[in-house]
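Following this note's numbering from start to finish, the sequence shown increments by one per residue and tops out at 322. In what follows, a single structure is set out as structure tokens and then discussed.
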Amino acid sequence: MSYFEQLHPWCIIRTLPSKECILVARFRRRNDAFAYQQVLQRNVNNICFVVKFNPQA
Numbered sequence: 266m267s268y269f270e271q272l273h274p275w276c277i278i279r280t281l282p283s284k285e286c287i288l289v290a291r292f293r294r295r296n297d298a299f300a301y302q303q304v305l306q307r308n309v310n311n312i313c314f315v316v317k318f319n320p321q322a
């Protein structure tokens with residue numbers, strides 16, 4: 266896990282119909298991740314975005 270990933274544990278993940286996941290963005294704070302998720306959901310209605318916490322490995 267890189268230093269950037271350690272500093273930004275909150276991830277927004279786009280889920281695809283084929284059960285694949287794409288990492289969209291990383292954030293330091295939970296509130297920032299959820300706020301950005303809401304922006305994405307408003308702009309792109311038919312795509313699912315999920316916020317997950319990715320702790321250090």
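We put the CB at the ideal spot given by N, CA and C, even for glycine. Since we're looking at a predicted model, the values are computed, not measured.
Residues near residue i by beta carbon distance below 8 Å, same chain, minus five either side
i: residue 321; result: 266, 271 and 274
i: residue 251; result: There is no way to answer for residue 251, as the model of the chain reaches only from 266 to 322.
Candidates the options, of which the one nearest residue i by Cα
i: residue 304; options: 277, 268 and 269; result: 277
Spatial neighbours of residue i in its chain, beta-carbon cut-off 6 Å, leaving aside the 5 residues before and after
i: residue 291; result: 273 and 276
i: residue 311; result: none
Where the alpha helix (DSSP H) through residue i begins and ends
i: residue 288; result: Element bounds for residue 288: not the alpha helix (DSSP H) but the beta strand (DSSP E), 286-292.
i: residue 309; result: No alpha helix (DSSP H) holds residue 309; DSSP gives it neither H nor E.
i: residue 271; result: 268-272
Beta-carbon gap between residue i and residue j smaller than 8 Å
i: residue 279; j: residue 286; result: yes
i: residue 306; j: residue 299; result: no
Identity of the residues DSSP links to residue i by a beta bridge
i: residue 314; result: 279
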